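All residue numbers for the sequence shown refer to the numbering used here, where the first residue is 199 and numbers rise by one.
Built from N, CA and C at the ideal position, the CB exists for glycine as well.
Quick caveat, the model's predicted, so the values are computed rather than measured.
This report refers to the structure that appears directly beneath it.
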Amino acid sequence: MNSEVKQHHPEKTIFLSGFMASGKSTLGKVLAQKLECPFLDLDDVIEEREGKEIREIFDKEGEPYFRQKEREYLLELAKDFEGVLSLGGGASQDQGIIEKLKAEGILIFLDTPMEQIVERVLNSNERPILFDENGKRKTKEALFAELKALYSDREKFYKQAPLCIDTTAFSSVEEMAEATIDKINRHV
Ligand SMILES: Nc1ncnc2c1ncn2[C@@H]1O[C@H](COP(=O)(O)OP(=O)(O)OP(=O)(O)O)[C@@H](O)[C@H]1O
Ligand SMILES: O=C(O)C1=C[C@@H](O)[C@@H](O)[C@H](O)C1
Ligand SMILES: [Mg+2]
């Protein structure tokens, strides 16, 4: 990790948290490039280690199995990994996990408005939440209601992050990454 971030926060991992489609994976890659440090995405780690895509894990093994693996790999990485780690949208919905992430690194919440989240989720094809139990795509209205309810359950966890990035405040991911580095440097 380069620059002031390393100087002030040696051996600390940067955890990017936030609701699904808030931009964690997108920002994480650029942030790691700028900090010249390793980057990992928790969803990719799960897919790689399980040998299946996320949607397939949800379909074949069920969500509780996915959450168990997500927790297991996250706790392992929180202990051993140094760099930028983008979390999955549901990975930090647990008080014990929040405490652990805050103790092991710098936890950052990416705050993105629900309207943008819904548009991004609708534009994707793979997210498990898009489909009902028969594999049929949900309507925009049903999805919006479900995402809003899910967000209100999770909000109390996201908001415990000491740093928050309002993702609407930037005209590019590059600019957002620079602002994130500034925030980290100002965070003691
Ligand atoms: N700053 C941004 N400006 C415009 N589009 C963005 C921005 N950040 C992300 N996106 C787009 O939004 C979608 C979701 O982004 P991304 O996959 O990074 O979200 P995520 O938070 O990692 O989601 P998940 O919780 O599923 O892992 C992608 O299509 C991405 O290109
Ligand atoms: O918010 C969620 O529940 C999820 C977000 C994604 O990152 C994936 O972890 C998966 O699609 C579930
Ligand atoms: Mg992601």
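ask   = Taking the alpha carbon of lysine 222 as the point to measure from, which residue in Leu240, Lys336, Thr211 has its own alpha carbon closest?
value = Ranking Leu240, Lys336, Thr211 by Cα distance to lysine 222 puts Leu240 first.
query = Can you tell me whether tyrosine 263 is buried or exposed, with buried defined as 16 or more other CB within 10 angstroms of its CB?
reply = It is exposed - the Cβ of tyrosine 263 has fewer than 16 other Cβ atoms within 10 Å.
ask   = Per DSSP, which one or two residues make a beta bridge with phenylalanine 329?
value = Answer is Arg335, bridged to phenylalanine 329.
request  = Note down, in chain order, each residue of its chain lying with its Cβ closer than 7 Å to the Cβ of phenylalanine 237, except the 5 sequence neighbours on either side.
outcome  = Only Gly226, Lys227, Ala230, Gly281, Val282 meet the Cβ criterion.
message = I believe tyrosine 356 touches glycine 216 by the beta-carbon criterion, under 8 Å. Please report the beta-carbon distance rounded to the nearest angstrom.
response = Between glycine 216 and tyrosine 356 the Cβ distance is about 6 Å, and since that is below 8 Å, they are a contact.
ask   = Which residue from Gln266, Asp380, His385 puts its Cα closest to that of lysine 232?
value = The option with the nearest alpha carbon to lysine 232 is Asp380.
query = Start and end of the alpha helix (DSSP H) containing phenylalanine 264?
reply = For phenylalanine 264, the enclosing alpha helix (DSSP H) begins and ends at 261-278.
task = Under 7 Å Cβ to Cβ from tyrosine 271, same chain only, skipping five residues before and after it: list those, please.
result = Sequence-distant Cβ neighbours of tyrosine 271 in its own chain, meaning closer than 7 Å and more than five residues away, are Leu240, Val243, Ile244, Arg247.
inquiry  = Run the Cβ filter for me: residues under 6 Å from any heavy atom of ligand 2, listed in the order they occur in the chain.
reply    = So the residues near ligand 2 by this Cβ test are Met218, Asp241, Ile252, Gly286, Gly287, Gly288, Arg325, Pro326.
ask   = What did DSSP end up calling serine 215 once you bin it into helix, strand or coil?
value = For serine 215, the three-state secondary structure derived from DSSP is strand.
inquiry  = Is it buried or exposed, serine 284, if we count other Cβ atoms within 10 angstroms and call 16 or more buried?
reply    = That one is buried.
ask   = In whole angstroms, what separates the C-alpha of lysine 334 from that of methionine 218?
value = Near 20 Å, if we compare the C-alpha coordinates of methionine 218 and lysine 334.
key: arginine 249 and glutamate 268 closer than 9 Å at C-beta   = According to the sequence provided, residue 249 is glycine. The question's arginine does not apply to it. No, the pair does not count as a contact, with Cβ atoms beyond the cut-off.
request  = Would you kindly work out how many angstroms separate the C-alpha atoms of isoleucine 296 and glycine 288, rounded to a whole number?
outcome  = Whole-angstrom Cα-Cα distance: 12 Å.
request  = Rank Asp330, Ile363, Glu376 by C-alpha distance to the C-alpha of threonine 310 and give the top, closest one.
outcome  = Proximity to threonine 310 across Asp330, Ile363, Glu376 peaks at Ile363, based on C-alpha coordinates.
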